[in-house]
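Residues in the sequence shown are numbered from 39 upward in steps of one, following the working numbering.
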Amino acid sequence: MLLCIDCGNTNTVFSIWDGAKFLVTLRTSTEHQRTADQYFVWMSQLMEHYKLPMDIDEVIISSTVPRVVFNLRVFADRFFNARPLVVGRDDCALPHAPRVDAGTAVGPDRLVNTAGAFDKYGGNLIVVDFGTATTFDVVASDGAYVGGVIAPGVNTSMLALHQAAAALPHVDVTKPEKAIGTNTVGCMQAGVFWGYVGLVNGITGQIKDEYGAPMRVISTGGLAPLFAQGNAKFDEFDDTLTMHGLTVIHAFNKENKD
Numbered sequence: 039m040l041l042c043i044d045c046g047n048t049n050t051v052f053s054i055w056d057g058a059k060f061l062v063t064l065r066t067s068t069e070h071q072r073t074a075d076q077y078f079v080w081m082s083q084l085m086e087h088y089k090l091p092m093d094i095d096e097v098i099i100s101s102t103v104p105r106v107v108f109n110l111r112v113f114a115d116r117f118f119n120a121r122p123l124v125v126g127r128d129d130c131a132l133p134h135a136p137r138v139d140a141g142t143a144v145g146p147d148r149l150v151n152t153a154g155a156f157d158k159y160g161g162n163l164i165v166v167d168f169g170t171a172t173t174f175d176v177v178a179s180d181g182a183y184v185g186g187v188i189a190p191g192v193n194t195s196m197l198a199l200h201q202a203a204a205a206l207p208h209v210d211v212t213k214p215e216k217a218i219g220t221n222t223v224g225c226m227q228a229g230v231f232w233g234y235v236g237l238v239n240g241i242t243g244q245i246k247d248e249y250g251a252p253m254r255v256i257s258t259g260g261l262a263p264l265f266a267q268g269n270a271k272f273d274e275f276d277d278t279l280t281m282h283g284l285t286v287i288h289a290f291n292k293e294n295k296d
């Protein structure tokens with residue numbers, strides 16, 4: 039069984055596969071100090087709840103938080119006797135090498151999304167991922183990551199607004215009934231919601247103009263369906279894109295193992 043781990047700045051997600059068959063997704067908050075033992079206790083309790091065996095023998099990790107990688111590697115080695123692949127490390131090959139400025143580090147989450155998107159949808163894509171940051175990744179016709187955009191995340195922006203202005207409350211991100219707010223909460227929700235619809239459409243439009251070929255826009259992340267309600271121009275929504283990308287990279291490395 040394969041364990042795919044996607045560690046983001048806010049949440050860490052475990053996805054478990056038996057061959058090509060998806061079994062379950064487990065989600066927890068990302069905590070820098072969580073030990074290998076704590077990961078195992080948390081995971082084993084949930085696996086028992088779902089009545090699934092802990093027959094993990096392969097692990098792949100993507101993490102935007104470098105500090106947690108060590109304990110995740112210890113977790114994989116200690117409890118599953120598995121040497122995990124870590125996306126972005128030299129010993130983890132990619133199906134298509136990124137074409138970016140020399141010496142530029144590309145976030146592992148973006149490499150994983152690129153691999154998953156190309157495998158499912160082909161090339162000439164913009165992948166929009168609504169996470170702690172909102173990222174726009176350009177996937178070329180041959181599957182290579184060729185650059186993109188990093189913008190502040192939706193919840194990050196809302197929290198920053200609350201923290202920077204003493205009179206503004208912390209509010210949930212939702213689609214307001216109208217753009218013209220008649221109270222503070224409504225005004226804040228309208229600003230963030232319609233602001234991000236404009237941001238998504240503006241950035242994807244600019245990328246398409248610069249790219250010079252027809253492109254499709256693939257969205258992922260929990261907030262993507264919300265912004266589609268405001269006419270954010272997405273061709274597809276794929277909530278399993280990142281995990282699919284991890285399985286693609288894992289399979290590529292397994293097939294090309296010496």
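No residue lacks a Cβ here, since even glycine has one placed at the ideal position from N, Cα and C. These figures come from a predicted structure and were not determined experimentally.
Same chain, Cβ closer than 7 Å to residue i, neighbours up to 5 away in sequence not counted
| i | result |
| --- | --- |
| residue 259 | 167, 168, 169 |
| residue 150 | 100, 125, 280, 283, 284, 287 |
| residue 252 | 162 |
Beta-carbon contacts of residue i that lie in its chain and below 8 Å, excluding the five residues immediately before and after
| i | result |
| --- | --- |
| residue 294 | 131 |
Buried or exposed by the 16-neighbour rule on C-beta atoms within 10 Å, applied to residue i
| i | result |
| --- | --- |
| residue 50 | buried |
| residue 148 | buried |
| residue 41 | buried |
| residue 207 | exposed |
| residue 94 | buried |
| residue 91 | exposed |
| residue 83 | exposed |
| residue 236 | exposed |
| residue 142 | exposed |
Contact check, residue i vs residue j, beta carbons under 8 Å
| i | j | result |
| --- | --- | --- |
| residue 174 | residue 186 | yes |
| residue 176 | residue 249 | yes |
| residue 238 | residue 270 | yes |
| residue 184 | residue 137 | yes |
| residue 165 | residue 256 | yes |
| residue 81 | residue 64 | yes |
| residue 133 | residue 98 | no |
Contact with chain B by residue i, beta-carbon distance below 8 Å
| i | result |
| --- | --- |
| residue 199 | Among the protein chains of the structure shown there is no chain B, as only one such chain exists. |
Proximity winner among the options, relative to residue i (alpha-carbon distances)
| i | options | result |
| --- | --- | --- |
| residue 106 | 72, 199, 123 | 72 |
| residue 304 | 46, 59, 157, 61 | Only positions 39 to 296 of the chain appear in the structure, and residue 304 is not among them; the question remains open. |
| residue 102 | 224, 137, 69 | 69 |
| residue 113 | 77, 137, 134 | 77 |
| residue 267 | 200, 158, 122, 214 | 214 |
| residue 158 | 243, 242, 254 | 254 |
| residue 241 | 88, 60, 121, 272 | 272 |
| residue 88 | 109, 229, 61, 222 | 61 |
| residue 276 | 152, 290, 227 | 152 |
| residue 146 | 222, 209, 104 | 104 |
Local conformation of residue i per DSSP, three classes
| i | result |
| --- | --- |
| residue 167 | strand |
| residue 248 | helix |
| residue 137 | coil |
| residue 157 | helix |
| residue 216 | coil |
| residue 290 | helix |
| residue 259 | coil |
6 Å Cβ shell around residue i - same chain, five flanking residues per side excluded
| i | result |
| --- | --- |
| residue 172 | 189, 191 |
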